[in-house]
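Undergrad: Counting the sequence shown from 1 gives a position; this note's numbering is that position plus 3.
We put the beta carbon where it would ideally sit given N, CA and C, even for glycine.
For clarity, every value in this text was computed on a predicted model and none was experimentally measured.
To start, I am sharing the structure in question, which I have written as structure tokens.
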Amino acid sequence: MPIILQTERLCLRQFTEADAPIIYHLNTQPGVLQYVPEPLLTSEEHAKEVIINIILPQYKNNLGRWAVHLKGNDEFIGWCGLKLLNNEIDLGYRFLPSAWGKGYATEAAKAALQYGHQQLQLKKIIAHAHVDNIASQKVLEKIGMQFVGEGIDEGVPVKGYASFGNML
Numbered sequence: 004m005p006i007i008l009q010t011e012r013l014c015l016r017q018f019t020e021a022d023a024p025i026i027y028h029l030n031t032q033p034g035v036l037q038y039v040p041e042p043l044l045t046s047e048e049h050a051k052e053v054i055i056n057i058i059l060p061q062y063k064n065n066l067g068r069w070a071v072h073l074k075g076n077d078e079f080i081g082w083c084g085l086k087l088l089n090n091e092i093d094l095g096y097r098f099l100p101s102a103w104g105k106g107y108a109t110e111a112a113k114a115a116l117q118y119g120h121q122q123l124q125l126k127k128i129i130a131h132a133h134v135d136n137i138a139s140q141k142v143l144e145k146i147g148m149q150f151v152g153e154g155i156d157e158g159v160p161v162k163g164y165a166s167f168g169n170m171l
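Next comes the structure, spelled out in structure tokens:
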């Protein structure tokens, strides 16, 4: 499993089809999808389909949602990464509730943002956070993304953020 990024406490790697159980577990934890407008995963097989059809195709462009593990014990705690979405590069992340409030989202998102600008030479990276998801908005602000306005994304109200390569 190719490692994409490492931070002080985290290791981000590509997902494989064998990761269906951890994706299913993550997406079925209480509160994880509270602000996300996507259908619930119904089984590990459904999670495998998401990996095959949504996650893996992004890797050919050096983009993707990457599995996030703690360096100390290799524990899976969530995912973070960049994705081509509606002709823009979107920064996203999702973590297990046990990992919330520990700075992991900020650490992983900052590394992914820097990777996008520095390694991939992306000029603009966007992100959206549900208007009620204050924790996610704070993560985006902590990593230096700029608030650009409110809107509707997949039928839900969001705050939009952007980061421009020349700002780093």
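1) If you reduce the DSSP assignment to three classes, tell me which class L15 lands in.
2) Helix, strand or coil for P160, going by three-state DSSP, please let me know.
3) Considering only residues of the same chain and omitting the five flanking positions on each side of K126, which have a CB-CB separation below 7 Å?
4) Examine the Cβ distances between the stretch 5-24 and the stretch 111-125 and report whether three or more of them are shorter than 8 Å.
5) Go ahead and pull the three-state DSSP assignment for I178.
6) Distance, Cα to Cα, A130 vs K145?
7) Pick from V161, P5, Y27 and I155: whose alpha carbon is nearest that of I137?
8) In the stretch 4-82, which residue ranges form an unbroken alpha helix (DSSP H) of at least 4 residues, counting only runs that do not cross its ends?
9) Is K141 helix, strand or coil by DSSP?
10) DSSP three-state label for G95, please.
11) Please name the residue, chosen from H49, T109, V134 and K86, that lies closest to E20 on a Cα-to-Cα basis.
12) With DSSP as the reference, label L125 as helix, strand or coil.
13) Between which two residues does the alpha helix (DSSP H) harbouring K113 extend?
14) Determine, using beta-carbon pairs with one atom in the stretch 84-91 and one in the stretch 64-72, whether at least three such pairs fall under 8 Å.
TA: On the basis of the coordinates in this document:
1) strand
2) strand
3) F167 and G168
4) yes
5) No answer is possible for residue 178: the residues shown for the chain start at 4 and end at 171.
6) 13 Å
7) V161
8) 23-30 and 47-53
9) helix
10) Under the three-state reduction of DSSP output, G95 falls in the strand class.
11) Comparing Cα-Cα distances from E20 to each of H49, T109, V134 and K86, the minimum goes to H49.
12) coil
13) Y107 to Q117
14) yes
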